[in-house]
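The listed protein sequences derive, respectively, from chains A, B and C. If you count the first sequence from 1, position 214 lands on 214 in the UniProt record's numbering, and the numbers rise without skipping. If you count the second sequence from 1, position 347 lands on 347 in the UniProt record's numbering, and the numbers rise without skipping. If you count the third sequence from 1, position 139 lands on 139 in the UniProt record's numbering, and the numbers rise without skipping. Note that the Cβ used here is the ideal one computed from N, Cα and C, for glycine as well. Encoded as structure tokens, the structure appears first; notes follow it.
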Amino acid sequence: MSAPTPAASAPSSSLIPTLPGPSYTDPVIFSEEQEKIFESRWFAAARSAEIDGTGAFRTVDVGRENVVLVRGRDRRLRAFLNVCRHRGARVCMQETGVVKRNLQCGYHAWTYGLDGKLVAAPNLTSMPDVDRAAYGLVPVHLREWLGYAWVCVADEPPSFEETVVGAVAERLGSVEAIEGWDVENLEVGRRIGYDVHANWKLIIENFMECYHCATIHPELTEVLPEFADGYAAQYFVGHGAAFAEEAAGFTVDGGAGLTAIPGVGEDHDRKYYAITVNPQVFINLVPDHVIFHRMYPVAPDRTRVECDWLYLPEVVRSGRDLDRSVELFHRVNQQDFDACERCQLAASSRAYAGGGVLVPSEHHIGAFHTWVTEQLQG
Amino acid sequence: MSAPTPAASAPSSSLIPTLPGPSYTDPVIFSEEQEKIFESRWFAAARSAEIDGTGAFRTVDVGRENVVLVRGRDRRLRAFLNVCRHRGARVCMQETGVVKRNLQCGYHAWTYGLDGKLVAAPNLTSMPDVDRAAYGLVPVHLREWLGYAWVCVADEPPSFEETVVGAVAERLGSVEAIEGWDVENLEVGRRIGYDVHANWKLIIENFMECYHCATIHPELTEVLPEFADGYAAQYFVGHGAAFAEEAAGFTVDGGAGLTAIPGVGEDHDRKYYAITVNPQVFINLVPDHVIFHRMYPVAPDRTRVECDWLYLPEVVRSGRDLDRSVELFHRVNQQDFDACERCQLAASSRAYAGGGVLVPSEHHIGAFHTWVTEQLQG
Amino acid sequence: MSAPTPAASAPSSSLIPTLPGPSYTDPVIFSEEQEKIFESRWFAAARSAEIDGTGAFRTVDVGRENVVLVRGRDRRLRAFLNVCRHRGARVCMQETGVVKRNLQCGYHAWTYGLDGKLVAAPNLTSMPDVDRAAYGLVPVHLREWLGYAWVCVADEPPSFEETVVGAVAERLGSVEAIEGWDVENLEVGRRIGYDVHANWKLIIENFMECYHCATIHPELTEVLPEFADGYAAQYFVGHGAAFAEEAAGFTVDGGAGLTAIPGVGEDHDRKYYAITVNPQVFINLVPDHVIFHRMYPVAPDRTRVECDWLYLPEVVRSGRDLDRSVELFHRVNQQDFDACERCQLAASSRAYAGGGVLVPSEHHIGAFHTWVTEQLQG
């Protein structure tokens with residue numbers, strides 16, 4: 001019994017193949033992706049401003065690791081594997097909190113400074129041969145950019161400039177292009193979490209193309225008419241999708257948005273930009289806000305997505321109604337994730353064993369597939 | 001540590017061995033059964049009359065595939081793998097419904113005729129090199145018999161005449177024997193679904209023998225006294241179990257049944273016939289109705305069973321009370337499935353590692369075991 | 001990417017390594033532990049007095065087997081694999097009950113005496129070649145001690161004297177030391193079950209050391225002040241931890257306990273003793289009661305613990321309030337199991353891939369690790 005593999009056997013210049021079906025369902029492949037992608041690349045773990053003040057901490061899953069991010073007395077943010085070096089208990093059990101001076105394991109009271117160093121343990125003074133420096137919390141690489149703390153749990157992280165900043169620059173034409181949004185100083189106006197029953201790659205593929213926009217995004221194509229033609233903003237370097245003439249702002253009903261971010265230049269006004277930072281972040285730019293997605297892969301067929309809507313601080317603090325602004329992309333998210341779940345359902349079919357096909361306006365997804373394949377081979 | 005294996009080591013002529021325990025618990029064996037049995041044989045997927053009128057469709061799991069059955073403009077029923085040929089989304093998300101003209105994928109609007117052909121897709125006209133015939137829905141073999149749509153998701157199905165019709169003929173002595181029931185034109189009076197925590201083979205083995213009838217089926221042996229002796233109707237070719245003299249019909253209290261089916265000959269009157277069509281169907285014949293079981297294996301230790309009670313159309317439409325008629329075999333089902341679940345619980349024990357034994361009135365189950373073994377070797 | 005392995009690479013005399021992380025998470029290792037430890041050693045299955053009278057039975061999981069313990073006409077307790085020798089159904093479905101004369105399988109009525117012998121089956125008389133002795137229930141080794149029925153489902157059990165009695169003697173200095181408690185004739189005053197999301201070995205390790213006592217057991221260290229120093233009672237042969245001067249008894253508030261057990265000698269008065277019987281039992285001795293833990297491993301990260309509080313029969317029957325007495329160790333249990341669950345959460349981290357370290361007051365846990373390793377190699 002042979003599975004039909006049209007993509008592989010009968011390609012045309014219009015259609016190029018996708019990844020094969022098992023790539024989206026095989027637990028062994030997923031485990032390799034956790035190791036070689038999510039635990040090897042930079043991962044946007046938390047909004048820096050939400051870990052505010054000495055001793056403030058936040059714990060977050062990165063691949064299959066749990067990481068604690070904590071702010072030191074020197075106001076610096078640091079990250080550590082959330083594992084006691086003594087008997088391996090999880091040190092910080094809460095998702096967020098504040099400690100006074102130290103991180104103390106709740107099992108045997110081994111105590112670590114906010115810089116991760118082992119500073120005390122019961123009877124430690126009677127063990128003079130113990131090298132306290134060697135038994136500090138295992139440090140995790142951390143960089144802050146766009147107001148987020150990006151971590152890498154690998155021993156040797158790839159270049160942040162190339163893999164994160166470079167992804168933004170490649171998409172927008174230059175890294176300077178994003179500076180006008182001053183993303184670092186915006187504030188979270190709304191955060192919505194989604195539990196998506198689909199492989200993380202389906203979510204990226206979906207975000208990269210707009211061939212589906214006419215079918216599933218009526219509100220979005222109303223505001224961004226060119227999306228109805230199927231060409232995603234991401235298809236052309238530096239290109240932003242223009243708002244419809246009748247749209248006053250990027251809102252669910254085309255009504256006016258919130259206060260525009262002052263630094264956004266005229267050439268970016270009334271435009272929408274979308275950026276993918278592999279493997280886990282989407283950034284959406286419109287004149288008055290930024291939508292920032294982070295993905296947390298949980299299983300071959302399960303991904304948690306956390307989405308932040310970022311506005312000017314004065315907008316958030318004014319208490320102005322954000323509902324129509326948030327609602328537009330919240331609907332887009334729901335529509336997209338529903339579509340991804342439809343694909344997950346069929347990924348195990350023999351009809352998809354050899355994968356599907358990409359039409360011309362989706363061909364750039366092929367580069368993502370190549371990137372995934374290269375990571376797993378590396 | 002050696003497991004006791006009496007069946008293998010100390011056979012007697014009265015006792016012959018069953019399949020070994022892992023056959024009922026091993027996920028690898030179950031996966032092979034899905035591929036080489038449920039995805040390779042004819043599978044009763046749906047009652048044809050329930051997919052009524054042009055554009056009516058029904059989706060159903062067959063092994064690990066999801067199949068859509070849809071009625072065309074030519075009134076013919078066709079079946080397809082329910083997977084879009086573009087990016088692999090599930091095309092029909094509902095279990096049942098009606099479309100106007102086409103099956104359209106809800107992701108990118110690729111559109112298929114009711115005959116499965118690709119008829120439209122956004123921008124398809126700008127892709128002249130795409131062979132629309134090559135990108136139709138993947139067809140699934142379909143045959144209609146006894147009022148059911150039987151499908152086979154394999155590329156090359158076995159002979160329907162040999163494996164389905166032949167199973168009925170072999171049991172009844174001839175295929176003509178079932179014609180009197182005119183099963184195709186009966187109507188579903190009741191349908192009950194069961195979620196059984198047992199391997200599908202335990203359910204077949206149970207259905208094939210009546211050595212258990214005296215122990216667990218008080219109502220059934222009241223109506224069919226010979227079952228109390230332990231010999232199943234299936235043991236003898238062409239044999240039907242006679243109703244008790246005091247039983248007016250095949251009902252839970254022995255009261256009168258419904259209107260007899262006109263074509264059932266006198267030689268079949270007041271008799272019960274049982275037929276197994278491997279791997280998934282049981283057919284029970286009594287003068288006034290037919291009970292039709294379909295099994296859907298879900299996991300090594302889990303099987304969904306759907307059971308239809310079929311009566312003359314005028315009986316169903318008259319609104320007559322079917323409760324006492326349905327209740328008899330509904331109780332038999334519950335009693336049987338409870339017994340199968342008891343076996344599943346112990347199948348992983350070292351006491352069953354080498355399997356159990358079949359007594360003489362169960363020896364015909366050995367042929368089923370041989371059949372299963374042959375399918376997996378094939 | 002290399003995991004940090006300080007224990008292996010930079011040992012000091014104070015710190016010795018634990019088992020590596022996968023030992024607590026790998027399903028293959030857990031399966032080997034079930035076979036080579038729980039299904040090969042003596043396992044405390046039930047309180048003998050709770051299977052009281054001819055025909056009384058109790059079913060219990062031992063490793064991956066289900067065992068039925070039943071009392072015969074000769075008042076002897078026997079144990080069998082709970083699997084019918086015919087088609088493998090579970091014979092006794094209830095957790096506890098009483099049968100009149102026989103154990104009868106509910107599927108085909110194969111019937112076994114209380115001594116396990118096959119005594120009847122439908123049509124058995126027509127199968128004269130069947131050796132009834134060969135088709136009895138599979139017997140399981142059984143010993144009674146301390147009022148518990150200990151079983152071993154292996155064909156050849158290890159020496160009960162060496163592995164069970166010997167463990168108690170090794171800890172207390174002699175087996176005679178426990179006789180004063182007359183554990184066999186105490187009664188269960190309270191039984192509490194715990195569903196712990198941690199590997200069984202974490203629970204044993206936790207029970208063996210008291211380095212954690214000052215951190216998580218405020219009530220216990222109040223009654224047993226020396227525990228605050230981190231040395232477990234189990235660290236020294238024959239040593240019992242002395243009650244605090246201000247503690248009248250082993251209760252949650254230090255108030256008076258119940259009636260002291262008469263045989264407990266003066267040298268054991270106002271002392272607490274703890275014993276581990278690998279792989280599954282903890283025994284705690286105080287002057288007025290005995291706390292007896294049994295563990296049932298369910299999954300690599302899941303263990304059910306059943307804990308009995310045993311008192312003099314007259315105490316249990318008087319209806320005296322046991323709450324303050326039970327509450328002390330119930331809190332200790334909850335505190336301990338919470339700690340074990342913290343360790344389970346981090347056992348899969350690369351920070352624990354090479355394991356953690358044991359401080360000097362935990363070094364005796366190394367012997368347990370050696371024991372586990374030896375069992376799996378055996």
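*Going by alpha carbons, who is nearest to C:VAL332 out of C:PHE236, C:VAL62, C:PHE227 and C:ASN82?*
Closest option to C:VAL332, Cα to Cα, is C:PHE227.
*Going by CA-CA distance only, name the one from C:TRP145, C:ASP267 and C:SER325 that's closest to C:ALA242.*
C:ALA242 has its Cα closest to that of C:ASP267, out of C:TRP145, C:ASP267 and C:SER325.
*Any residues in the stretch 195 to 214 of chain A with a beta carbon nearer than 8 Å to a beta carbon of chain B? Which ones, in chain order?*
Taking a C-beta cut-off of 8 Å against chain B, the contacting residues of the stretch 195 to 214 of chain A are GLU205, TYR211, HIS212 and ALA214, listed in chain order.
*Touching or not, the stretch 165 to 183 of chain A and the stretch 317 to 335 of chain A, by the rule of three or more beta carbon pairs under 8 Å?*
No, they do not touch.
*So, are the CB atoms of A:PRO214 and B:ARG90 less than 8 Å apart?*
According to the sequence shown, residue 214 of chain A is Ala rather than Pro. Not a contact, by the Cβ cut-off of 8 Å.
*Would A:ALA154 count as contacting chain B if we go by Cβ distances under 8 Å?*
Taking 8 Å as the threshold, the shortest C-beta distance from A:ALA154 to chain B does not fall below it.
*Count the C-beta pairs between the stretch 100 to 117 of chain B and the stretch 19 to 26 of chain B that are closer than 8 Å, then say yes if the count reaches three, no if not.*
Contact check between the stretch 100 to 117 of chain B and the stretch 19 to 26 of chain B: fewer than three CB pairs, one atom from each, fall below 8 Å, which does not count as touching.
*Which residues share a DSSP beta bridge with A:CYS105?*
Looking at the DSSP assignment, A:CYS105 forms no beta bridge with any residue, so it has no partner.
*asked:* With three or more beta-carbon pairs closer than 8 Å as the criterion, would you say the stretch 305 to 321 of chain B touches the stretch 206 to 225 of chain B?
replied: Because the criterion of three Cβ pairs below 8 Å is not met, the stretch 305 to 321 of chain B and the stretch 206 to 225 of chain B do not touch.
*Below-8 Å beta-carbon distance, C:PRO287 vs any chain B residue*: C:PRO287 does not count as touching chain B.
*Interface residues of chain B around A:GLY356 at Cβ under 8 Å?*
Contact annotation for A:GLY356 against chain B: CYS84, ARG85, HIS86, ARG87 and GLY88 [CB-CB distance below 8 Å, chain order].
*Using a C-beta to C-beta distance shorter than 7 Å, which residues of chain C count as neighbours of B:TYR272?*
Under the 7 Å cutoff, chain C gives no residues; its nearest Cβ is about 20 Å from B:TYR272.
*Which residues of chain C have a Cβ atom closer than 9 Å to the Cβ of A:ASP129, listed in chain order?*
Those are SER12, SER13, SER14 and LEU15, listed as they occur along chain C.
*Over the uninterrupted beta strand (DSSP E) stretch that includes A:PHE243, give me the two end residues.*
Taken as a continuous stretch (DSSP letters only), A:PHE243 belongs to no beta strand (DSSP E), as it is neither H nor E.
*Helix, strand or coil: which one does DSSP assign to B:VAL138?*
Collapsing the DSSP output to three states places B:VAL138 in coil.
*If you draw a straight line from the C-alpha of B:PRO218 to the C-alpha of C:VAL196, how long is it?*
Between B:PRO218 and C:VAL196, the C-alpha separation is close to 44 Å.
*Is the stretch 358 to 365 of chain B touching the stretch 269 to 289 of chain B in the sense that three or more CB pairs, one from each, lie closer than 8 Å?*
Verdict: no, contact absent.
*Look at C:VAL237 and C:ARG171 and say whether their C-beta atoms are less than 8 Å apart.*
For C:VAL237 and C:ARG171, yes; Cβs fall inside 8 Å.
*Name the chain B residues whose beta carbon is nearer than 8 Å to that of A:ILE216?*
Ordered by position in chain B, the residues that pass the 8 Å Cβ test against A:ILE216 are GLY106 and TYR107.
*Mind the definition here: the stretch 296 to 312 of chain B touches the stretch 190 to 205 of chain B only if three or more C-beta pairs lie below 8 Å; say whether that holds.*
Segment contact: the stretch 296 to 312 of chain B against the stretch 190 to 205 of chain B, three or more CB-CB distances shorter than 8 Å; contact assigned.
*asked:* Cutting at 7 Å between CB atoms, please list the residues of its own chain near A:TYR231, excluding the five before and the five after it.
replied: Within the same chain, Cβ atoms closer than 7 Å to the Cβ of A:TYR231 are found at CYS210 and SER361, the five residues on either side in sequence being excluded.
_If we define contact as Cβ-Cβ less than 8 Å, is C:PRO122 a contact residue for chain B?_
For C:PRO122, the answer is yes, since a Cβ of chain B falls inside 8 Å of its Cβ.
*Count the other CB atoms within 10 Å of the CB of B:THR18; is the residue buried (16 or more) or exposed (fewer)?*
Classification for B:THR18: buried.
*Using a beta-carbon distance below 8 Å, is A:GLU314 in contact with chain C?*
It does not; no Cβ of chain C falls within 8 Å.
*Buried or exposed: A:GLU65, going by 16 or more other Cβ atoms within 10 Å of its Cβ?*
Counting of Cβ neighbours within 10 angstroms places A:GLU65 among the buried residues, the total reaching 16 or more.
_I'd like to know if A:ALA3 contacts chain C, where contact means its C-beta is closer than 8 Å to some C-beta of that chain._
Caution is warranted here: a pLDDT of 39 is assigned to A:ALA3, below 50, making its placement in the model unreliable, and the coordinate value is therefore given only provisionally. Judged by the 8 Å Cβ criterion, A:ALA3 is not in contact with chain C.
*asked:* Less than 6 Å between C-beta atoms, sequence neighbours within five positions excluded: which residues of the same chain meet that for B:PRO157?
replied: Excluding sequence neighbours, B:PRO157 sits near HIS141.
*CB B:ARG47 to CB B:ASP308, shorter than 8 Å?*
The answer is yes: Cβ separation under 8 Å.
*Going by CA-CA distance only, name the one from C:ILE51, C:PHE38, C:VAL60 and C:VAL68 that's closest to C:ARG75.*
Measuring C-alpha to C-alpha distances from C:ARG75 to each of C:ILE51, C:PHE38, C:VAL60 and C:VAL68 identifies C:ILE51 as the nearest.
*Given B:TRP145, which residues of its chain have a CB within under 8 Å of its CB, disregarding the five upstream and five downstream residues?*
Result list for B:TRP145: PHE160, VAL164, VAL165 and GLU184, in chain order.
*Candidates C:ARG87, C:LYS100, C:GLU205 and C:VAL60: which alpha carbon is nearest C:ILE149's?*
Per the sequence shown, the amino acid found at residue 149 of chain C is Ala instead of Ile. Among C:ARG87, C:LYS100, C:GLU205 and C:VAL60, the Cα nearest to that of C:ALA149 is on C:VAL60.
_Candidates B:PHE38, B:GLN34 and B:SER126: closest to B:VAL277 by CA position_ = Looking from the CA of B:VAL277, the closest CA among B:PHE38, B:GLN34 and B:SER126 belongs to B:PHE38.
*Against chain B: residues of the stretch 349 to 374 of chain A by CB proximity under 9 Å*: For the stretch 349 to 374 of chain A, the residues whose beta carbon sits under 9 Å from a beta carbon of chain B are, in order, SER349, ARG350, ALA351, TYR352, GLY355, GLY356, VAL357, LEU358, VAL359, PRO360, SER361 and GLU362.
*Assigned secondary structure, C:VAL237 (DSSP; H/G/I helix, E/B strand, else coil)*: C:VAL237: coil per DSSP, three-state reduction.
*In or out: B:TRP371 buried (at least 16 other Cβ within 10 Å) or exposed?*
Classification for B:TRP371: exposed.
_Please list, in chain order, the chain B residues whose beta carbon lies closer than 9 Å to that of C:GLU226._
Within chain B, no residue comes near C:GLU226; the closest Cβ sits about 44 Å away, beyond 9 Å.
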